[in-house]
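With the first letter of the sequence shown counted as 1, position 43 gets the number 334 in the numbering used here; the numbers rise by one all the way through. The structure appears right after this line, and notes come after that.
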Amino acid sequence: MYLKELKLGNEAKCICDACNGTGLYVGFTERNGLAVICNACNGKGYYTLELNESRQLVQDEKNGVVYKVNDGIITDRIRLFDKLQRRDGVKYVMYGTGRVLSPEYLFEHGANEINVISYNNFLKGEFPIPAMQYTCPAELAQSYEDSSFDDSICMKFCGFNSLFSDCKNYGSEECWNKFYGNAKTIKEKQKRLKNMK
Ligand SMILES: [Zn+2]
Numbered sequence: 292m293y294l295k296e297l298k299l300g301n302e303a304k305c306i307c308d309a310c311n312g313t314g315l316y317v318g319f320t321e322r323n324g325l326a327v328i329c330n331a332c333n334g335k336g337y338y339t340l341e342l343n344e345s346r347q348l349v350q351d352e353k354n355g356v357v358y359k360v361n362d363g364i365i366t367d368r369i370r371l372f373d374k375l376q377r378r379d380g381v382k383y384v385m386y387g388t389g390r391v392l393s394p395e396y397l398f399e400h401g402a403n404e405i406n407v408i409s410y411n412n413f414l415k416g417e418f419p420i421p422a423m424q425y426t427c428p429a430e431l432a433q434s435y436e437d438s439s440f441d442d443s444i445c446m447k448f449c450g451f452n453s454l455f456s457d458c459k460n461y462g463s464e465e466c467w468n469k470f471y472g473n474a475k476t477i478k479e480k481q482k483r484l485k486n487m488k
């Protein structure tokens, strides 16, 4: 049975497997209720699947499982995305830094509630702004697979020859200004971050 009755059109939103539809990731570096934006879906909780002649969806009527189809062959099973799923135990959300951090440490060391936002605000659609001192924009762009960041500035400072954190310009305003470009206000910066790809 094809899913015509679901009126999926040319694309379907599917639950991101990396974060189970929560938009968040909690690893061993996140402590005390801290979660980071999932770098597979950039916090959306879903990925978009384009549907066409060779890539359709079929449903297992008995089990309610949806499959991707390639030329008549079932290639994968997916779950359709409805809304962001809640994740137990999360209190704060930020962008990943690759370091072991807790909200308490961050607030004590210069991060504010724009950098580390409450989980409730995340659920309302707000996005954190990375705390400059804990991240390099080239590092962020790499981990979120954002190719729109012009990293030519890196050649001037570290040349990608060492760890991002060893760069003498790590977390500088100059680098972040390059990342944000024309985005100056918090809202514009949030939009720039949301559109990373
Ligand atoms: Zn995800």
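Every residue, glycine too, gets a C-beta built ideally from N, C-alpha and C.
Task: T313, buried or exposed, once every other Cβ within 10 Å from all chains shown has been counted against 16 - done: Here the question's residue 313 lines up with position 22 in the sequence shown. Counting Cβ neighbours within 10 Å, T313 comes out buried, since at least 16 surround it.
Task: Proximity of K304 and F372 at Cβ, strictly below 9 Å - done: Here residue 304 corresponds to residue number 13 of the sequence shown, with the count starting at 1. Here residue 372 corresponds to residue number 81 of the sequence shown, with the count starting at 1. In contact: K304 and F372 (Cβ atoms closer than 9 Å).
Task: Reference D441, options S463, N452, Y471 and N460, closest by Cα - done: Translated into the one-based positions of the sequence shown, residue 441 becomes position 150. Its Cα nearest to that of D441, the residue Y471 stands out among S463, N452, Y471 and N460.
Open item on the list: Between E395, P428, M385 and F448, which has its C-alpha nearest P419's C-alpha?
Closed with: The residue you call residue 419 lines up with position 128 of the sequence shown. When C-alpha distances from P419 are compared across E395, P428, M385 and F448, the shortest belongs to M385.
TODO: Could you pull the start and end residues of the beta strand (DSSP E) that M423 belongs to?
DONE: Taking the first residue of the sequence shown as position 1, residue 423 is located at position 132. Element bounds for M423: n/a, residue is neither H nor E.
Open item on the list: Under DSSP, the alpha helix (DSSP H) around E479 begins and ends at which residues?
Closed with: Residue 479 sits at position 188 when you count from the first residue of the sequence shown. Element bounds for E479: I477 to K485.
Task: Distance cut 5 Å, beta-carbon to ligand 1 heavy atom: residue list by chain order - done: Residues with a Cβ closer than 5 Å to any heavy atom of ligand 1, in chain order: C307, A309, C310, C329, A331 and C332.
TODO: Express the C-alpha separation of L325 and N411 in angstroms, rounding to a whole number.
DONE: As a first step, residue 411 must be located in the sequence shown, where it is residue number 120. As a first step, residue 325 must be located in the sequence shown, where it is residue number 34. If you take the alpha carbons of N411 and L325, they lie about 13 Å apart.
Task: Exposure of N301, with buried meaning 16 or more beta-carbon neighbours within 10 Å - done: Here residue 301 refers to the residue found at position 10 of the sequence shown. Per the 10 Å Cβ criterion, exposed.
Open item on the list: By DSSP's criteria, Y383 is part of a beta bridge. Which residues make up the other side?
Closed with: As a working note, residue 383 is residue 92 in the sequence shown. In the DSSP output, where bridge partners are listed per residue, Y383 has L325 and S409.
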